[in-house]
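*Asks:* Sequence lines, in order, name chains A and B.
Using my numbering, read the first sequence as starting at 33 and increasing by one per residue.
Using my numbering, read the second sequence as starting at 279 and increasing by one per residue.
Please see the structure below; I have some questions.
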Amino acid sequence: GNSVTQMEGPVTLSEEAFLTINCTYTATGYPSLFWYVQYPGEGLQLLLKATKADDKGSNKGFEATYRKETTSFHLEKGSVQVSDSAVYFCALSDRAGGFKTIFGAGTRLFVKA
Amino acid sequence: EAQVTQNPRYLITVTGKKLTVTCSQNMNHEYMSWYRQDPGLGLRQIYYSMNVEVTDKGDVPEGYKVSRKEKRNFPLILESPSPNQTSLYFCASRDGTGRDEQFFGPGTRLTVL
Numbered sequence: 033g034n035s036v037t038q039m040e041g042p043v044t045l046s047e048e049a050f051l052t053i054n055c056t057y058t059a060t061g062y063p064s065l066f067w068y069v070q071y072p073g074e075g076l077q078l079l080l081k082a083t084k085a086d087d088k089g090s091n092k093g094f095e096a097t098y099r100k101e102t103t104s105f106h107l108e109k110g111s112v113q114v115s116d117s118a119v120y121f122c123a124l125s126d127r128a129g130g131f132k133t134i135f136g137a138g139t140r141l142f143v144k145a
Numbered sequence: 279e280a281q282v283t284q285n286p287r288y289l290i291t292v293t294g295k296k297l298t299v300t301c302s303q304n305m306n307h308e309y310m311s312w313y314r315q316d317p318g319l320g321l322r323q324i325y326y327s328m329n330v331e332v333t334d335k336g337d338v339p340e341g342y343k344v345s346r347k348e349k350r351n352f353p354l355i356l357e358s359p360s361p362n363q364t365s366l367y368f369c370a371s372r373d374g375t376g377r378d379e380q381f382f383g384p385g386t387r388l389t390v391l
């Protein structure tokens with residue numbers, strides 16, 4: 033079945049550091065890929081998405097590229113801010129899986145001033 | 279404003295006392311889900327509904343019931359709560375295509391003593 037694996041946290045960075053959170057997936061079809069962010073005390077909200085191979089999703093300085101050859105969708109940001117501290121979830125959804133969304137375990141990011 | 283609402287936001291109850299967590303969305307979405315979030319496990323789907331009167335089990339349905347009598351509402355029912363159902367619960371909705379994002383409610387933190 034479909035699955036998502038993302039790097040364990042927590043990840044602790046200083047402000048303005050470069051961020052990478054790794055995400056790899058297993059899917060039988062051609063999934064859409066998502067990154068969701070959860071700020072403290074809130075529900076998840078979509079950060080970015082990509083619906084086909086080689087697509088790059090981007091939002092708020094975050095980027096992720098859909099790599100079918102390596103089945104990866106790594107999240108990157110060039111310069112993190114304290115306000116980026118949150119939990120980040122990689123997820124996929126595809127027709128073969130009945131469009132059910134599968135989430136990774138989440139990676140908590142702490143950014144220090 | 280497009281949103282998913284849940285009530286209550288916090289609930290402490292005792293083993294065996296039936297409870298209902300309500301969920302409502304104002305986006306006319308066909309697809310609605312309930313998830314539970316536990317540390318280290320990410321989000322796990324409890325039940326989902328593809329449309330009115332159409333519901334199905336997710337990955338962890340034991341001990342839960344749902345109903346979908348109206349498109350906007352999708353309540354989660356715990357007939358006889360147990361301590362292992364202590365968790366953070368999220369309701370989510372999206373339109374019919376799996377390529378689009380899910381919209382999450384703010385969460386309900388449930389403690390079963």
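Virtual Cβ for every residue (Gly too), placed ideally from N, Cα, C.
#1: So what does R346/B bridge to, in DSSP terms?
#2: Find the nearest neighbour of R346/B within the set P286/B, M310/B, P317/B, judged by alpha-carbon distance.
#3: Are the CB atoms of T56/A and N34/A within a distance shorter than 8 Å?
#4: Given this structure, state the Cα-to-Cα distance separating Y68/A from F50/A, to the nearest angstrom.
#5: Between V114/A and F94/A, what straight-line distance do the alpha-carbon atoms span, to the nearest angstrom?
#6: In whole angstroms, what separates the C-alpha of G89/A from that of F368/B?
#7: Going by C-alpha to C-alpha distance, which of V330/B, R287/B, K295/B sits closest to G75/A?
#8: With the cut-off set at 8 Å, would you say V390/B and T364/B are in Cβ contact?
#9: In chain order, which continuous runs of the alpha helix (DSSP H) of length 4 or greater are located wholly inside the segment 90-131 of chain A?
#10: Per DSSP, L80/A is paired with what?
#11: Using the Cβ count rule (16 or more neighbours within 10 Å means buried), how would you classify G294/B?
#12: For A137/A, go through chain B and note every residue whose CB falls closer than 8 Å to its CB, in chain order.
#13: For L80/A, which residues from the same chain have a beta carbon less than 7 Å from its beta carbon, with the 5 sequence-adjacent residues on both sides left out?
*Replies:* In terms of the structure at hand:
#1: In the second sequence, the residue the question calls residue 346/B occupies position 68. Note: R346/B sits in no beta bridge, so no partner.
#2: Looking up residue 346/B in the second sequence gives position 68. Restricting attention to P286/B, M310/B, P317/B, the CA atom closest to the CA of R346/B is found in M310/B.
#3: Here residue 34/A refers to the residue found at position 2 of the first sequence. Here residue 56/A refers to the residue found at position 24 of the first sequence. Cβ distance not < 8 Å, so N34/A and T56/A don't count as in contact.
#4: Residue 68/A sits at position 36 when you count from the first residue of the first sequence. Residue 50/A sits at position 18 when you count from the first residue of the first sequence. C-alpha separation (whole angstroms): 19 Å.
#5: Looking up residue 114/A in the first sequence gives position 82. Looking up residue 94/A in the first sequence gives position 62. Cα-Cα distance, rounded: 14 Å.
#6: Reading the first sequence from its first residue, position 57 is the one you call residue 89/A. Reading the second sequence from its first residue, position 90 is the one you call residue 368/B. Using only the alpha carbons, I get a separation of about 25 Å.
#7: The residue labelled residue 75/A in the question sits at position 43 within the first sequence. Per the Cα distances, R287/B.
#8: Mapped onto the second sequence, residue 390/B falls at position 112. Mapped onto the second sequence, residue 364/B falls at position 86. Yes, the Cβ-Cβ distance between V390/B and T364/B is below 8 Å.
#9: Counting only runs of 4 or more, we get nothing.
#10: As a working mapping, residue 80/A is identified with position 48 in the first sequence. In the DSSP output, where bridge partners are listed per residue, L80/A has W67/A.
#11: Translated into the one-based positions of the second sequence, residue 294/B becomes position 16. Exposed, by the Cβ-count rule.
#12: Numbered from 1 along the first sequence, position 105 holds the residue referred to as residue 137/A. Going along chain B in sequence order, the residues near A137/A (Cβ under 8 Å) are G318, L319, G320.
#13: By one-based count along the first sequence, residue 80/A stands at place 48. Counting only Cβ-Cβ distances below 7 Å, and skipping sequence neighbours, we find W67, G89, S90, N91, F94, A96.
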